[in-house]
Structure formats: C-alpha cells, structure tokens
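Residues in the sequence shown are numbered from 69 upward in steps of one, following our numbering. First the structure, in the form of structure tokens, and then the observations on it.
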Amino acid sequence: MKQISFDLKKGEAKFKIENMDDLWCLSHIIEPEDLVRGKTVRKIKIGESDQRKVNIVKKTIFIEIRVENVEFHEYSSILRVSGTITQGPEDIQKGSYHTFNLEPGTVITVIKKQWLSFQIEKIKQASVETKKILICVLDRDEVCFGLLKKQGFSLLSEIKGDVEKKADLKAKTGNFYGDVVNKLYDYAERYKIENIILASPAFWKEDLMKNIKNDEIKKKITLATCSCSGKEAIDEVLKRPEVKNVLSQQRVAKELKLVELLLEEISKNSLAVYGLKETEKAVTAGAVEKLLVTDGLIQKTRLNKTYEKIDPMMKNTESMKGTVNIIGSDHDGGKKLDGLGGIAAILRYKLNY
Numbered sequence: 069m070k071q072i073s074f075d076l077k078k079g080e081a082k083f084k085i086e087n088m089d090d091l092w093c094l095s096h097i098i099e100p101e102d103l104v105r106g107k108t109v110r111k112i113k114i115g116e117s118d119q120r121k122v123n124i125v126k127k128t129i130f131i132e133i134r135v136e137n138v139e140f141h142e143y144s145s146i147l148r149v150s151g152t153i154t155q156g157p158e159d160i161q162k163g164s165y166h167t168f169n170l171e172p173g174t175v176i177t178v179i180k181k182q183w184l185s186f187q188i189e190k191i192k193q194a195s196v197e198t199k200k201i202l203i204c205v206l207d208r209d210e211v212c213f214g215l216l217k218k219q220g221f222s223l224l225s226e227i228k229g230d231v232e233k234k235a236d237l238k239a240k241t242g243n244f245y246g247d248v249v250n251k252l253y254d255y256a257e258r259y260k261i262e263n264i265i266l267a268s269p270a271f272w273k274e275d276l277m278k279n280i281k282n283d284e285i286k287k288k289i290t291l292a293t294c295s296c297s298g299k300e301a302i303d304e305v306l307k308r309p310e311v312k313n314v315l316s317q318q319r320v321a322k323e324l325k326l327v328e329l330l331l332e333e334i335s336k337n338s339l340a341v342y343g344l345k346e347t348e349k350a351v352t353a354g355a356v357e358k359l360l361v362t363d364g365l366i367q368k369t370r371l372n373k374t375y376e377k378i379d380p381m382m383k384n385t386e387s388m389k390g391t392v393n394i395i396g397s398d399h400d401g402g403k404k405l406d407g408l409g410g411i412a413a414i415l416r417y418k419l420n421y
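What follows is the structure, given as structure tokens:
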C-alpha cells in the first residue's frame, strides 16, 4: 500500500491500493461512521423525469460517503464500502446511497474521529514491502507448496508421487523428486521468491536437498521439521523456531504465537479469558494486556449489526495501555480462536469473581 498522506490531527489518511493484501488490511480499518473520499463511477440521469426521453450515463465523479457497511470479496479482489453520500457534485443528491468498489490502483482518503494504535500499525505494515516466502512441505510421496501472504497463505499446488519408483521414467507417478525440484524452481522464478522454507518429517527434506543443484536456490532454503504433510503442516511449520528469523516480519507467525500463548494460559487456568462476556468483564476491569479478535468475528458482527459490542472493547483496551491484535480466521490459529467465540484476552493479572 502506498501511503500518500497521513494527518492524525485531522484524522485523515490517503492511500493508493496496490494489491489484494491492501484490500484485506483496509477491510479491518474502515468502519461504520468513517468518512471515505475518492473517485467513483455513478449512473447519472440526463433529462427531467417528466420528459419522454431520459438518458442514463456513467460518469466519473469525486464523492465522500459516511460508511455503513464494509464487505471484502477475496476471490473477486474487491472491497465494497457502502454508505450515504455526504459530499459530491451539485447533481448528486446528498443522503443517497453509494458503494465504492475498491481494487488495486484505487486512491482513497479515510477519515476517522479516532485512529486506534492497531489500525495505525496495520497501515505501517501494509506500507512496508515484505519478503516473498515459499513454503514447501513434503513426505515420502506427497508435497504441498504455499505462498506466504500478509493475510495467511495461498495454496499453490499439491503433488503426489512414489519416490520408490523415482528412477523409473515410465512410472505412472513420474520422477517425484525431479517434479518437486522443477516446481520449486518454477515458483522461485515466477513469484520472485526471497526465502524458501523446506520442511518434512524424518529425512525427506535432506533427500530432496541432494536433488537441488542450483546454488542460488540453495542459499534461500531454510530447513524445518514437521510431523505431517499437506496444508495442515504449513500451519505447524510457521510455529517452528527454525524459521523464526525468516518469518520475523510476517503477520501470520506472530498471530499463531499469540494464539498458542493464549491456549497455554487457558490450559493452566491462569492469565486468560475467552468469549464475549468474560472478555468484556476483563476489559472493563483494566486487566487486559493483549486482546485477540478474529477478522471473522469482526465481519460477522458488521453484517448482523452487532459491531458496537466489539468496537468499544478494542478502544477501551488501548485506552488502558493494552494491545489489540486482529487474528486472521483463515489459518489454524484463527480457527482455534473462532472456536472460542472469536474473541479472547491474555491478562496482566488473574481475575477473581
């Protein structure tokens, strides 16, 4: 995301959206009652309604809306921000409804009465280029490739083979290790990969390394251990200490660690609460050190018009020097937190009711 300007005193921030990760970021930042300004296309009627012929034309205009609803459509790469028009050309009626369809290339201004610390931090993270990291997990005859992103990881491909027959060029499964190495080279070139995490149970990763002859690719590889293969193994690998340095700037690794810390405290019946009711009590008491909220819960409460229950908790946590952490529902940690109600907190001290 390109940050064009940011005036905290006025509460105004102007951005240019560059990719889908930026849309995901803005879906957590833009809220009901915010003002959003930008260019948009709107249908305009030419001619009076009592005339026989009324033409409808599409016109590019600059307007401002007061936000009522925010919807992120991941698969269409569009963020829809809807609300009522507060400013615009003379021929546009104030109070009428409009939807911004935000996509890469769009320039918008977001105006808030109050910018929370976690929102400012998300903008900073989105404005910094992150490393392109390829994850490859494999076992004897299966490999899974994933591309790490700010909002989780995207599954690139899964390959099944039979390494016992890898020398048999006519075998139905083909040369398994050869296929894996070729795919590794292909993804490294296609996505301009800076780091590769190669993980497996047992010794399969070392066997594969023997088949990698490209020295530039070898320099990018960090080996890690996992207990299985497939998509589940990618979540496991992100928690491994071997890849801590590689993932130090990545949101997903931080979120997984936070959820693991929360679960540890819950298992000890110690410094943690979960669920809306118990977490709200902890926030009110000023006991929250880290508030964890899934983006799934945020989206759900926005849709069913109950977001006002979540928003004050985030603001109160920050006002009492706690931190707010938005956890993606698309990875293992987020799914576990959603299973606990989508909201939880790590406490400064244990509450006695």
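Using N, Cα and C, we set each Cβ at its ideal position, and we do this for glycine too.
Inter-residue distance for Glu357 and Lys127 is about 49 angstroms (C-alpha atoms, whole angstroms). The C-alpha of Lys403 is placed about 8 angstroms away from the C-alpha of Gly396. Under DSSP, the beta-bridge partners assigned to Asp75 are Glu80. With fewer than 16 other CB atoms across the displayed protein chains lying within 10 angstroms of its CB, His141 is exposed.
Here DSSP, grouped into helix, strand and coil, assigns Cys204 to strand.
The beta carbon of Glu210 sits closer than 8 angstroms to the beta carbons of Glu226, Ile227, Lys228, Gly229, Ser297, Gly298 from its chain, once the five residues preceding and following it are set aside; these are given in chain order. Under the three-state reduction of DSSP output, His399 falls in the coil class, being neither helix nor strand. Under DSSP, Leu359 takes part in a beta bridge, and its partners are Val392, Ala413. Separation of the CB atoms of Leu365 and Ile378 is rounded to 7 angstroms, and the pair is thereby assigned contact status at 8 angstroms. Within the region 152 to 200, the complete beta strand (DSSP E) runs of at least 3 residues fall at 165 to 170, 175 to 179. In this structure, the beta-carbon distance from Val320 to Ala412 does not fall below 8 angstroms. Nearest Cα to Ile124 within the set Arg110, Val249, Leu76, Glu346: Arg110.
Distances from the alpha-carbon of His96 to those of Leu405, Ala194, Leu202, Glu386 put Ala194 closest. A residue is called buried when at least 16 other Cβ atoms come within 10 angstroms of its Cβ; Gly173 does not meet this threshold and is exposed. Where Cys296 is concerned, there is no enclosing alpha helix (DSSP H), because DSSP gives it neither an H nor an E.
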